[in-house]
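Under my numbering, the first residue of the sequence shown carries the number 1248, and numbering increases by one thereafter. Glycine included, C-beta positions come from ideal geometry on N, C-alpha and C. Heads up: the structure comes next, in C-alpha coordinates.
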Amino acid sequence: MERAGKSRKDERDMISSLPDCLIHLIMSFLTAQEAVQTCVLSKRWQYLWTTLPFLDFDVRNFKCDIESDDNEWDFDVPRIKKFEKFRDFVSTTLLLREASDLHKLRLSCLDDGRYSLHQYHIIAKSWILYALKHNLQVFKIGFDLEGSLPRGVFNCASLVDASLSSFISFDHIKVIDLPCLRRLFLGGTKLNQEFVDKLFSGCPMLEFLQLEDCCKGFSAINSQSLKYLKMQCVCVRDETEKKMELINAPNLLSFCYDMCPFVIGDKILLKMPLLTSACIFSDMPYNGKGILIGLSNVQDLELTGLGIKVHTYVR
(Lines of atoms letter the chains of each structure in order from A and count residues from 1; the text may use other names and numbers.)
(Lines give C-alpha, C1' and ligand atoms only; values in the text may rest on other atoms or scores of the structure.)
Protein backbone atom coordinates (compact mmCIF):
# COMPACT_ATOMS: atom_id res chain seq x y z
CA MET A 1 0.00 0.00 0.00
CA GLU A 2 2.79 2.39 0.89
CA ARG A 3 4.57 1.68 -2.40
CA ALA A 4 1.35 2.16 -4.41
CA GLY A 5 0.67 5.46 -2.67
CA LYS A 6 4.20 6.65 -3.39
CA SER A 7 3.81 5.67 -7.04
CA ARG A 8 0.61 7.70 -7.40
CA LYS A 9 2.34 10.65 -5.76
CA ASP A 10 5.23 10.44 -8.23
CA GLU A 11 2.78 10.46 -11.14
CA ARG A 12 1.11 13.67 -9.98
CA ASP A 13 0.85 16.40 -12.63
CA MET A 14 3.35 18.95 -11.36
CA ILE A 15 3.21 21.25 -14.39
CA SER A 16 -0.50 21.95 -14.02
CA SER A 17 0.12 23.21 -10.49
CA LEU A 18 2.40 25.97 -11.77
CA PRO A 19 1.05 29.54 -12.00
CA ASP A 20 -0.29 30.72 -15.34
CA CYS A 21 2.74 32.91 -16.05
CA LEU A 22 5.13 29.95 -15.88
CA ILE A 23 2.87 27.72 -17.97
CA HIS A 24 2.63 30.51 -20.53
CA LEU A 25 6.42 30.64 -20.62
CA ILE A 26 6.52 26.91 -21.36
CA MET A 27 3.84 27.30 -24.03
CA SER A 28 5.83 30.08 -25.70
CA PHE A 29 8.04 27.38 -27.23
CA LEU A 30 5.01 25.89 -29.02
CA THR A 31 3.42 26.89 -32.29
CA ALA A 32 -0.04 28.43 -32.06
CA GLN A 33 -1.57 25.14 -33.21
CA GLU A 34 0.21 23.17 -30.50
CA ALA A 35 -0.73 25.75 -27.86
CA VAL A 36 -4.43 25.56 -28.74
CA GLN A 37 -4.32 21.75 -28.67
CA THR A 38 -3.30 21.80 -25.00
CA CYS A 39 -6.93 22.62 -24.17
CA VAL A 40 -7.74 18.88 -24.20
CA LEU A 41 -5.21 17.97 -21.49
CA SER A 42 -7.44 18.83 -18.53
CA LYS A 43 -9.81 21.45 -17.17
CA ARG A 44 -6.78 23.35 -15.89
CA TRP A 45 -5.51 23.71 -19.45
CA GLN A 46 -8.84 24.28 -21.18
CA TYR A 47 -8.57 28.06 -21.46
CA LEU A 48 -4.90 28.73 -20.79
CA TRP A 49 -4.19 29.31 -24.48
CA THR A 50 -6.78 32.12 -24.61
CA THR A 51 -4.51 34.32 -22.49
CA LEU A 52 -1.21 33.23 -24.01
CA PRO A 53 0.87 36.38 -24.69
CA PHE A 54 2.96 34.68 -27.41
CA LEU A 55 1.47 33.44 -30.70
CA ASP A 56 3.41 31.87 -33.57
CA PHE A 57 1.48 31.29 -36.81
CA ASP A 58 3.31 29.61 -39.69
CA VAL A 59 1.58 28.35 -42.84
CA ARG A 60 4.21 25.62 -43.23
CA ASN A 61 2.73 23.90 -40.19
CA PHE A 62 -0.53 23.36 -42.05
CA LYS A 63 -1.22 20.43 -44.34
CA CYS A 64 -3.90 19.70 -46.89
CA ASP A 65 -5.33 16.24 -47.51
CA ILE A 66 -6.26 17.03 -51.10
CA GLU A 67 -3.90 15.70 -53.75
CA SER A 68 -3.64 16.94 -57.30
CA ASP A 69 -1.94 16.01 -60.52
CA ASP A 70 0.89 18.38 -61.42
CA ASN A 71 -0.20 18.21 -65.03
CA GLU A 72 -3.78 19.24 -64.35
CA TRP A 73 -5.33 22.70 -64.03
CA ASP A 74 -5.76 22.23 -60.27
CA PHE A 75 -2.03 22.30 -59.52
CA ASP A 76 -2.53 24.99 -56.84
CA VAL A 77 -5.65 23.52 -55.21
CA PRO A 78 -3.82 21.82 -52.29
CA ARG A 79 -1.80 24.95 -51.61
CA ILE A 80 -4.88 27.16 -51.74
CA LYS A 81 -6.68 24.86 -49.29
CA LYS A 82 -3.70 24.99 -46.97
CA PHE A 83 -3.70 28.78 -47.00
CA GLU A 84 -7.43 28.81 -46.33
CA LYS A 85 -6.94 26.57 -43.30
CA PHE A 86 -4.19 28.90 -42.10
CA ARG A 87 -6.42 31.96 -42.58
CA ASP A 88 -9.36 30.39 -40.73
CA PHE A 89 -7.19 29.19 -37.85
CA VAL A 90 -5.54 32.57 -37.27
CA SER A 91 -8.87 34.42 -37.41
CA THR A 92 -10.59 31.98 -35.04
CA THR A 93 -7.70 31.97 -32.57
CA LEU A 94 -7.65 35.76 -32.30
CA LEU A 95 -11.45 35.88 -32.09
CA LEU A 96 -11.56 33.48 -29.12
CA ARG A 97 -8.68 35.06 -27.19
CA GLU A 98 -9.31 36.86 -23.95
CA ALA A 99 -8.74 40.62 -23.96
CA SER A 100 -5.23 40.19 -22.57
CA ASP A 101 -1.83 41.42 -23.72
CA LEU A 102 -0.28 39.87 -26.82
CA HIS A 103 3.41 40.57 -26.34
CA LYS A 104 4.71 38.59 -29.31
CA LEU A 105 3.13 37.82 -32.67
CA ARG A 106 4.79 35.97 -35.52
CA LEU A 107 2.97 35.67 -38.86
CA SER A 108 4.78 33.69 -41.53
CA CYS A 109 3.23 32.84 -44.84
CA LEU A 110 6.43 32.19 -46.77
CA ASP A 111 5.58 28.98 -48.58
CA ASP A 112 7.90 27.11 -50.93
CA GLY A 113 5.43 27.44 -53.77
CA ARG A 114 4.24 30.33 -55.89
CA TYR A 115 1.04 30.94 -53.95
CA SER A 116 0.99 33.86 -51.54
CA LEU A 117 -1.24 35.29 -48.85
CA HIS A 118 -1.85 38.51 -50.77
CA GLN A 119 -5.31 37.18 -51.63
CA TYR A 120 -6.11 37.67 -47.95
CA HIS A 121 -4.25 40.92 -47.36
CA ILE A 122 -7.29 42.70 -45.91
CA ILE A 123 -7.94 40.12 -43.21
CA ALA A 124 -4.19 39.81 -42.57
CA LYS A 125 -4.06 43.52 -41.81
CA SER A 126 -6.91 43.04 -39.34
CA TRP A 127 -4.76 40.48 -37.48
CA ILE A 128 -1.97 43.04 -37.22
CA LEU A 129 -4.33 45.76 -36.00
CA TYR A 130 -5.61 43.37 -33.34
CA ALA A 131 -2.07 42.80 -32.05
CA LEU A 132 -1.29 46.51 -32.02
CA LYS A 133 -4.21 47.06 -29.64
CA HIS A 134 -2.89 44.49 -27.16
CA ASN A 135 0.47 45.89 -26.04
CA LEU A 136 2.53 44.28 -28.82
CA GLN A 137 6.27 44.16 -28.08
CA VAL A 138 7.72 41.70 -30.59
CA PHE A 139 6.35 41.56 -34.14
CA LYS A 140 7.67 39.30 -36.88
CA ILE A 141 5.93 39.14 -40.24
CA GLY A 142 6.89 37.38 -43.45
CA PHE A 143 4.53 37.57 -46.42
CA ASP A 144 3.21 39.79 -49.18
CA LEU A 145 0.62 42.30 -47.96
CA GLU A 146 0.10 43.78 -51.42
CA GLY A 147 2.55 46.53 -50.79
CA SER A 148 1.77 48.05 -47.40
CA LEU A 149 1.56 47.54 -43.66
CA PRO A 150 -0.96 49.28 -41.41
CA ARG A 151 0.42 52.67 -40.40
CA GLY A 152 -0.06 51.75 -36.76
CA VAL A 153 2.97 49.45 -36.95
CA PHE A 154 5.17 52.53 -37.15
CA ASN A 155 3.45 54.29 -34.25
CA CYS A 156 3.38 51.47 -31.71
CA ALA A 157 4.70 52.80 -28.40
CA SER A 158 5.23 49.31 -26.93
CA LEU A 159 7.13 47.75 -29.86
CA VAL A 160 10.67 46.62 -28.93
CA ASP A 161 11.62 44.12 -31.66
CA ALA A 162 10.32 44.03 -35.24
CA SER A 163 11.04 41.86 -38.28
CA LEU A 164 9.38 42.95 -41.53
CA SER A 165 10.10 41.02 -44.70
CA SER A 166 8.92 39.95 -48.14
CA PHE A 167 7.99 42.75 -50.52
CA ILE A 168 6.56 45.27 -48.09
CA SER A 169 6.48 48.89 -49.21
CA PHE A 170 7.01 51.83 -46.87
CA ASP A 171 6.19 54.60 -49.34
CA HIS A 172 2.88 55.36 -47.57
CA ILE A 173 4.51 55.88 -44.17
CA LYS A 174 4.45 59.58 -43.28
CA VAL A 175 5.46 59.47 -39.62
CA ILE A 176 7.55 56.98 -37.63
CA ASP A 177 7.28 57.08 -33.84
CA LEU A 178 8.69 53.96 -32.19
CA PRO A 179 10.18 55.20 -28.90
CA CYS A 180 10.99 51.73 -27.51
CA LEU A 181 12.18 49.91 -30.64
CA ARG A 182 15.64 48.39 -30.14
CA ARG A 183 15.90 45.71 -32.84
CA LEU A 184 14.76 45.87 -36.47
CA PHE A 185 15.07 43.47 -39.39
CA LEU A 186 14.00 44.59 -42.88
CA GLY A 187 14.06 42.14 -45.77
CA GLY A 188 12.96 42.04 -49.38
CA THR A 189 11.93 45.66 -49.69
CA LYS A 190 13.04 48.93 -51.26
CA LEU A 191 14.35 51.65 -48.99
CA ASN A 192 14.74 55.30 -49.96
CA GLN A 193 16.55 58.10 -48.16
CA GLU A 194 13.36 59.71 -46.88
CA PHE A 195 12.27 56.52 -45.13
CA VAL A 196 15.73 55.85 -43.69
CA ASP A 197 15.90 59.37 -42.23
CA LYS A 198 12.43 59.00 -40.71
CA LEU A 199 13.42 55.62 -39.30
CA PHE A 200 16.40 56.85 -37.32
CA SER A 201 14.74 60.06 -36.16
CA GLY A 202 11.65 58.15 -35.03
CA CYS A 203 13.54 55.30 -33.31
CA PRO A 204 15.78 56.96 -30.71
CA MET A 205 16.51 53.63 -28.96
CA LEU A 206 17.33 51.55 -32.05
CA GLU A 207 20.51 49.54 -31.41
CA PHE A 208 20.38 46.64 -33.88
CA LEU A 209 19.54 46.97 -37.59
CA GLN A 210 19.72 44.24 -40.21
CA LEU A 211 18.95 44.81 -43.88
CA GLU A 212 18.70 41.73 -46.08
CA ASP A 213 17.87 41.41 -49.80
CA CYS A 214 16.81 45.04 -49.92
CA CYS A 215 16.94 47.36 -52.90
CA LYS A 216 18.90 50.42 -51.80
CA GLY A 217 17.70 53.87 -52.72
CA PHE A 218 19.57 55.78 -50.01
CA SER A 219 23.12 57.08 -49.72
CA ALA A 220 23.53 57.86 -46.01
CA ILE A 221 22.91 56.36 -42.59
CA ASN A 222 22.87 58.71 -39.60
CA SER A 223 22.18 57.23 -36.18
CA GLN A 224 23.29 58.17 -32.68
CA SER A 225 21.90 55.02 -31.06
CA LEU A 226 22.89 52.24 -33.48
CA LYS A 227 25.37 49.67 -32.09
CA TYR A 228 25.06 46.76 -34.52
CA LEU A 229 24.58 47.14 -38.28
CA LYS A 230 24.33 44.25 -40.71
CA MET A 231 23.70 44.77 -44.43
CA GLN A 232 23.41 41.54 -46.40
CA CYS A 233 22.80 41.28 -50.16
CA VAL A 234 21.72 44.91 -50.31
CA CYS A 235 21.78 45.85 -53.97
CA VAL A 236 20.95 48.55 -56.48
CA ARG A 237 19.07 48.10 -59.71
CA ASP A 238 21.76 49.65 -61.89
CA GLU A 239 24.90 51.81 -61.78
CA THR A 240 22.87 55.03 -61.92
CA GLU A 241 21.49 54.48 -58.40
CA LYS A 242 23.06 56.43 -55.54
CA LYS A 243 26.06 54.81 -53.93
CA MET A 244 26.54 54.64 -50.18
CA GLU A 245 28.46 57.78 -49.28
CA LEU A 246 28.14 58.12 -45.50
CA ILE A 247 27.65 55.95 -42.43
CA ASN A 248 27.60 58.18 -39.37
CA ALA A 249 27.10 56.02 -36.29
CA PRO A 250 29.30 57.24 -33.42
CA ASN A 251 28.18 54.43 -31.07
CA LEU A 252 28.42 51.56 -33.55
CA LEU A 253 30.32 48.54 -32.19
CA SER A 254 29.84 45.94 -34.94
CA PHE A 255 29.49 46.32 -38.72
CA CYS A 256 28.85 43.48 -41.15
CA TYR A 257 28.52 44.09 -44.89
CA ASP A 258 27.90 41.62 -47.69
CA MET A 259 28.73 43.93 -50.56
CA CYS A 260 27.15 44.17 -53.96
CA PRO A 261 28.91 46.03 -56.81
CA PHE A 262 28.06 49.73 -57.15
CA VAL A 263 26.54 49.91 -53.65
CA ILE A 264 29.45 51.51 -51.78
CA GLY A 265 31.31 54.43 -53.27
CA ASP A 266 35.12 54.57 -53.40
CA LYS A 267 35.09 57.73 -51.28
CA ILE A 268 32.65 56.57 -48.62
CA LEU A 269 32.98 58.36 -45.27
CA LEU A 270 32.70 56.13 -42.21
CA LYS A 271 32.24 57.84 -38.85
CA MET A 272 32.31 54.94 -36.40
CA PRO A 273 34.95 55.77 -33.75
CA LEU A 274 33.87 53.04 -31.30
CA LEU A 275 33.77 50.24 -33.87
CA THR A 276 35.52 47.10 -32.60
CA SER A 277 34.37 44.39 -35.02
CA ALA A 278 33.78 44.38 -38.77
CA CYS A 279 33.08 41.74 -41.42
CA ILE A 280 33.26 42.61 -45.12
CA PHE A 281 32.33 40.19 -47.88
CA SER A 282 32.33 40.60 -51.65
CA ASP A 283 32.36 37.91 -54.32
CA MET A 284 33.47 40.35 -57.05
CA PRO A 285 36.58 42.54 -57.48
CA TYR A 286 35.97 45.84 -55.75
CA ASN A 287 37.99 48.97 -55.11
CA GLY A 288 37.67 48.90 -51.33
CA LYS A 289 40.13 51.62 -50.36
CA GLY A 290 37.45 53.94 -49.00
CA ILE A 291 35.75 51.44 -46.75
CA LEU A 292 39.00 49.89 -45.50
CA ILE A 293 40.38 53.27 -44.45
CA GLY A 294 37.21 53.81 -42.44
CA LEU A 295 37.76 50.50 -40.65
CA SER A 296 41.39 51.15 -39.74
CA ASN A 297 40.73 51.28 -35.98
CA VAL A 298 38.79 48.02 -35.58
CA GLN A 299 40.21 45.28 -33.37
CA ASP A 300 38.61 42.37 -35.21
CA LEU A 301 38.42 42.63 -39.02
CA GLU A 302 37.28 39.78 -41.25
CA LEU A 303 37.65 40.06 -45.04
CA THR A 304 36.00 37.28 -47.02
CA GLY A 305 35.80 36.55 -50.74
CA LEU A 306 37.45 39.81 -51.70
CA GLY A 307 38.89 40.52 -55.12
CA ILE A 308 42.41 41.58 -56.17
CA LYS A 309 41.72 45.30 -55.92
CA VAL A 310 40.97 45.07 -52.22
CA HIS A 311 43.97 42.85 -51.46
CA THR A 312 46.32 45.51 -52.81
CA TYR A 313 45.21 47.78 -49.95
CA VAL A 314 45.41 45.06 -47.31
CA ARG A 315 49.13 44.43 -47.77
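Residue range Val1324 to Leu1343 is occupied by the alpha helix (DSSP H) that includes Thr1340. Its chain contains Lys1351 and Asp1408 as the residues whose beta carbon lies nearer than 6 Å to that of Val1385, once the 5 sequence neighbours on both sides are disregarded; these appear in chain order. According to DSSP, residue pairing for Cys1462 in a beta bridge involves Lys1437 and Cys1482. In the three-state reduction of the DSSP assignment, Gly1552 falls in the coil class. Following the DSSP letters along the chain, one finds Ala1371 inside the alpha helix (DSSP H) bounded by residues His1368 to Leu1379. Scanning the stretch 1263-1291 for uninterrupted alpha helix (DSSP H) segments of 4 residues or longer gives 1267-1274 and 1279-1284, listed from N- to C-terminal end.
For Ser1373, the closest C-alpha among the options Leu1272, Leu1425, Asp1335 and Ser1264 is that of Asp1335.
Under the DSSP assignment, Glu1492 falls in the beta strand (DSSP E) whose first and last residues are Met1491 to Asn1495.
In the structure shown, the three-state DSSP call for Asp1408 is strand. Between Tyr1475 and Leu1458 a beta carbon distance of about 12 Å is seen, past the 8 Å cut, so the two are scored as non-contacting. In summary, Tyr1294 is exposed, with fewer than 16 beta-carbon neighbours lying within 10 Å of its beta-carbon over all protein chains present. Beta-bridge annotation (DSSP): Phe1417 is not paired with any residue. Within the DSSP bridge table, the entry for Arg1430 names Asp1408 and Phe1455 as partners.
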